[in-house]
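First the structure, in the form of structure tokens, and then the observations on it.
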Amino acid sequence: MIRRELLDPKSIVVVGGSNDIHKPGGKVLKNLLDGGYKGEVFVLNPKEDSVQGIKSYRSIDDLPDVELAIIAIAAKYTPDSVRELAYKKNTRAFIILSAGFSEESEEGAKLEKEIVRIVNDVNGSLIGPNCVGVLTPNYHGVFTEPIPELDPKGCDFISGSGATACFIMESGIPKGLRFANVFSVGNSAQMGVEDILKYMDENFNPDRDSKVKLLYMEQIDKPELLLKHAKSLINKGCKIAAIKAGASEAGSRAASSHTGALASSDIAVDALFKKAGIVRCFGREDLISVASVFQFKEPEGKNFAIITHAGGPAVMLTDALEKGGFKVPRISGPDAEKLKLELFPGSSVSNPIDFLATGTAEQLGKIIDTVETKFDNIDAMAVIFGTPGLFEIFDVYDVLHKKMQNSKKPIFPVLPSILTAKKEVEYFVSKGNVFFSDEVVLAGALTRVYNTYKPCKNTNLDFEMDKDTIRDIIETSKNGYLSPVKIQNILDAAGIPRVKEFVVDNENDLEKAIDELGFPLVMKVVGPVHKSDVNGVVLNISSKGEALMEMNRLLKIKYATAVLLQPMLSGLELFAGVKREEKFGHLVLFGLGGIFIEVLKDVRTVLAPVSNKEVVRELKKLKSYKLLEGVRGKDGVDVDKLAEVISRLSVLTEVAPEIYELDLNPILGTKNSIVAVDARIRIEK
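Residues in the sequence shown are numbered from 122 upward in steps of one, following my numbering.
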């Protein structure tokens, strides 16, 4: 729980405050004082009467009541200090900088648990332990640097790693990235990244609060909380980018299905971020560049004009933008010819607009004005301008700044000369601008941002299902794989179309099934996990004699219990599956079958439940999507029907959360039908 005393304390005590500013207790006190904190500051140090000019108390008993304690003493002494402050001095907020807790040892974990118990007992707020602290407009409660000049229009930054938070600010500040609040949660003993985000959502004020949230996470303990409040903030107009470090290898766990082999906790993170609308980043510079893109107006379309005085970077930016789904369309016509006359001979206006190394500030202004007012097919501009160091370029950056303020089309500045034009770049940043030092990094960030969908609203998942039948089957079944008959009944109850099939183990039942199904037939062994590995699938059976012979052969396979008969169908081979992932819930995976799943891993993953709209959106991201549309005279498949089957699967997991793994593989699709041909369901209660 975040209390007012954590965010806006009227008094702060630094426990372990020191005159040595090279120690955490000394540096955090210095930062508090240098930051102009307006409340009362106290120091608790049993060996000092004055620390950095502040009265120091030797005993907690001598302290007045204090709202926030910032603690920088050895771990073994911390629980006692927290206990006395909480119960004797009405302290309700704690930031514990000290290390030596759960991150270090079992004994440290016990100390941490006791601290949480005490803080919870007084309904208090705890940040840490093992963190660098908190930065808010009210106080600088950190023992590290850099300390940015906090700006309400900057980014709110929540980090599970103090060092990473410092490094990200270290790199972002010189590029113009600004920060509003910074929370380093350390061990997240009481509150983690998700809890801070929850508070920001529940107390969000669009007129006052930052609309950009940056997250660094090494673990996601509360995925439902993160999903709920990230979606809520984004739907309120915020933008969120996050790094989730520490990917898990799918191959590190045993998996008995295609879905299980393809799923992992890192895939679950992707699915969670996708559902929430969070832009996933994979490194510090990646996060900084995405956060910088967030500072600009969103283009109304994907057509860019590249304005440059250096050909090479413009070519690389063009390639990177086109690869990311943007366009750099050709510019021509009378207005283009008129603009060309305003530039030096040899300049090009066809896009990229290259006005040569000798290009001037005045020419840059004319180019931007022309693109802004004359070229309706352009939605945004990227301006690349550095210097060889022959003359200062303050005038160029002045023009760029003014045009960025007034242009209706967003202008993304790429300033590559961060050393040669260091003074000019700093001048540009001092005016409140953010810039990119690398054009390909800019293109990558743009791609990541504009290819991340906003969370879907008003999802309609009101499918008719026979929930009673599904629950009855689950509750009367043991853990493990369900029998073919039970699977058939579950699919029917869920409204998932399946091929007509019979399970047989004797000649009499075989003949009845043949009379019902006709020829040609498919026969599959029932029992072994992977049928194809044991030659347990036979296609195109066309006579009773052949069917009897194959049934007898299949029944002799190790672990075989019966034989499954189906009519031989045709269509495009598709795949859909479900995997329950610890904490996250159910992942739904889908794509084309065969080589596309086995070799190319061309699969999309979403977090259940998922609407038809979300599924169609993901299907279109498949590399093999053209096959679903139909190519070379071949019919495609009914994408809407396929989407409904996948959506129904996701709803099935809500009715039967005991489903651990489920495969529909293959599903055969035509322009008129979607039919599940083979299915396996494993439950774990």
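Ideal Cβ placement from N, Cα and C applies to all residues, glycine included.
From what residue to what residue does the beta strand (DSSP E) around G486 run?
-> Residue 486 sits at position 365 when you count from the first residue of the sequence shown. No beta strand (DSSP E) contains G486, which is instead part of the alpha helix (DSSP H) from 482 to 495.
At which residues does the beta strand (DSSP E) containing D654 begin and terminate?
-> As a working note, residue 654 is residue 533 in the sequence shown. No beta strand (DSSP E) holds D654; DSSP gives it neither H nor E.
Terminal residues of the continuous alpha helix (DSSP H) containing I809?
-> For residue 809 there is no data in the structure shown, the boundaries of the chain being 122 and 806.
Would you tell me roughly how many angstroms separate the C-alpha atoms of I539 and E782, rounded to the nearest one?
-> Counted from its first residue, the sequence shown places residue 539 at position 418. Counted from its first residue, the sequence shown places residue 782 at position 661. Cα-Cα distance, rounded: 52 Å.
Endpoints, alpha helix (DSSP H) assigned at S280 = The residue you call residue 280 lines up with position 159 of the sequence shown. Segment 276 to 280 is the beta strand (DSSP E) holding S280; no alpha helix (DSSP H) there.
So, is A797 buried or exposed, given that buried needs 16 or more other C-beta atoms within 10 angstroms?
-> Translated into the one-based positions of the sequence shown, residue 797 becomes position 676. Looking at its Cβ environment, which holds 16 or more other Cβ atoms inside 10 Å, A797 is buried.
Please confirm whether I175 and G254 have their CB atoms less than 8 Å apart.
-> One-based indexing of the sequence shown puts residue 175 at position 54. One-based indexing of the sequence shown puts residue 254 at position 133. No; because the gap between Cβ atoms is not below 8 Å, this pair is not in contact.
Taking the continuous alpha helix (DSSP H) assigned at K365, which residues delimit it?
-> Residue mapping note: residue 365 aligns to position 244 of the sequence shown, counting from 1. It is not in any alpha helix (DSSP H) - K365 instead sits in the beta strand (DSSP E) that spans 360 to 365.
Mind checking whether L206 and G249 have CB atoms under 8 Å apart?
-> In the sequence shown, residue 206 corresponds to position 85, counting from 1. In the sequence shown, residue 249 corresponds to position 128, counting from 1. The answer is no: Cβ separation not under 8 Å.
Is the beta carbon of G398 less than 8 Å from the beta carbon of K352?
-> On the sequence shown, residue 398 is found 277 positions in, with the first residue counted as 1. On the sequence shown, residue 352 is found 231 positions in, with the first residue counted as 1. Yes, they are a contact pair.
Start-to-end residues for the beta strand (DSSP E) that takes in Q687 | Stepping through the sequence shown from its first residue, residue 687 is reached at position 566. First-last of the beta strand (DSSP E) with Q687: 683 to 688.
With 16 other CB atoms within 10 Å as the buried threshold, where does D761 fall?
-> Taking the sequence shown and counting its residues from 1, one reaches residue 761 at position 640. By the neighbour-count rule (16 or more Cβ atoms within 10 Å), D761 is not buried but exposed.
Do L642 and P688 have their CB atoms nearer than 8 Å?
-> By one-based count along the sequence shown, residue 642 stands at place 521. By one-based count along the sequence shown, residue 688 stands at place 567. Yes, they are a contact pair.
Tell me, please, which residues DSSP counts as bridged to F425.
-> As a first step, residue 425 is located in the sequence shown; it is residue number 304 there, counting from the start. According to DSSP, which records beta bridges pairwise, F425 is partnered with A501.
Proximity below 8 Å, CB of V237 to CB of K210 | The residue given as residue 237 occupies position 116 in the sequence shown. The residue given as residue 210 occupies position 89 in the sequence shown. No. Outside cutoff.
Taking all protein chains shown into account, do 16 or more other C-beta atoms lie within 10 angstroms of the C-beta of H430, making it buried, or fewer, making it exposed?
-> Counting from 1 along the sequence shown, the entry for residue 430 is found at position 309. By the 10 Å Cβ count, H430 comes out buried.
Thinking C-alpha only, which one of Y680, K530, A389, N356 is nearest K343?
-> As a working mapping, residue 343 is identified with position 222 in the sequence shown. Answer by Cα proximity: A389.
Taking only the alpha-carbon atoms, compute the straight-line gap between L462 and N733 and give it to the nearest angstrom.
-> Taking the sequence shown and counting its residues from 1, one reaches residue 462 at position 341. Taking the sequence shown and counting its residues from 1, one reaches residue 733 at position 612. One C-alpha to the other measures close to 53 Å.
Reference E235; option with closest CA among P200, D490, L748 | Residue mapping note: residue 235 aligns to position 114 of the sequence shown, counting from 1. Among P200, D490, L748, the Cα nearest to that of E235 belongs to P200.
Under 8 Å by Cβ, that's how I've got G293 and A412 pegged, so tell me the actual separation to the nearest angstrom.
-> Locating residue 293 in the sequence shown gives position 172, counting from the first residue. Locating residue 412 in the sequence shown gives position 291, counting from the first residue. Confirmed, Cβ separation roughly 7 Å.
Let me know if M321 comes out buried or exposed under the rule of 16 or more other beta-carbons within 10 Å of its beta-carbon.
-> On the sequence shown, position 200 is the one that residue 321 refers to. Burial call: buried.
State buried or exposed for I595, treating a residue as buried only when at least 16 other CB atoms are found within 10 Å of its CB.
-> Within the sequence shown, the letter at position 474 stands for residue 595. Buried: at least 16 other Cβ atoms inside 10 Å.
Leaving out the 5 sequence neighbours to the left and right, which residues in its chain are closer than 6 Å to L127 when beta-carbon positions are compared?
-> Stepping through the sequence shown from its first residue, residue 127 is reached at position 6. A214, S246, listed in sequence order.
Runs of alpha helix (DSSP H) lying entirely within the region 541 to 597, each at least 4 residues, in chain order = 543 to 551, 560 to 571, 588 to 596
Using the DSSP secondary-structure output, state which residues sit across from E161 in a beta bridge.
-> Your numbering for residue 161 matches position 40 in the sequence shown. BP columns for E161 point to S132.
As assigned by DSSP and simplified to three states, the class of G467 | Stepping through the sequence shown from its first residue, residue 467 is reached at position 346. In this structure, G467 counts as coil in the three-state DSSP scheme.
Take the Cβ of S653 as the centre, count every other Cβ of all protein chains shown within 10 Å, and call the residue buried at 16 or more, exposed below.
-> As a first step, residue 653 is located in the sequence shown; it is residue number 532 there, counting from the start. Exposed is the call here.
Where G160 and V134 are concerned, what is the direct C-alpha to C-alpha distance, given to the nearest angstrom?
-> As a working note, residue 160 is residue 39 in the sequence shown. As a working note, residue 134 is residue 13 in the sequence shown. Taking the straight line joining both Cα atoms gives about 11 Å.
Any 3 or more C-beta pairs closer than 8 Å across the region 553 to 561 and the region 529 to 544 | yes
Own chain residues within Cβ distance below 6 Å of D277, not counting five before or after = Position 156 of the sequence shown, counted from the start, is the residue given in the question as residue 277. Only A301, N302, S331, K334 meet the Cβ criterion.
Coarse secondary structure for I214, derived from DSSP in three states = The residue given as residue 214 occupies position 93 in the sequence shown. The amino acid occupying residue 214 in the given sequence is Ala; Ile does not appear at that position. Strand, per DSSP.
Expected contact under 8 Å - CB spacing of E233 and N308 to nearest Å | The sequence position of residue 233 within the sequence shown is 112, counting from 1. The sequence position of residue 308 within the sequence shown is 187, counting from 1. Confirmed, Cβ separation roughly 7 Å.
E750 and E779: beta carbons closer than 8 Å?
-> Position 629 of the sequence shown holds residue 750. Position 658 of the sequence shown holds residue 779. No, the pair does not count as a contact, with Cβ atoms beyond the cut-off.
Find the nearest neighbour of L743 within the set K700, L695, I788, judged by alpha-carbon distance.
-> Here residue 743 corresponds to residue number 622 of the sequence shown, with the count starting at 1. Here the closest residue by C-alpha is L695.
Decide if R619 is buried, meaning its Cβ has at least 16 other Cβ atoms within 10 Å, or exposed.
-> Walking along the sequence shown from the start, residue 619 turns up at place 498. R619 should be labelled buried.
What residue range is occupied by the uninterrupted beta strand (DSSP E) comprising T774?
-> Reading the sequence shown from its first residue, position 653 is the one you call residue 774. Run containing T774: none in the beta strand (DSSP E); it sits in the alpha helix (DSSP H), 760 to 776.
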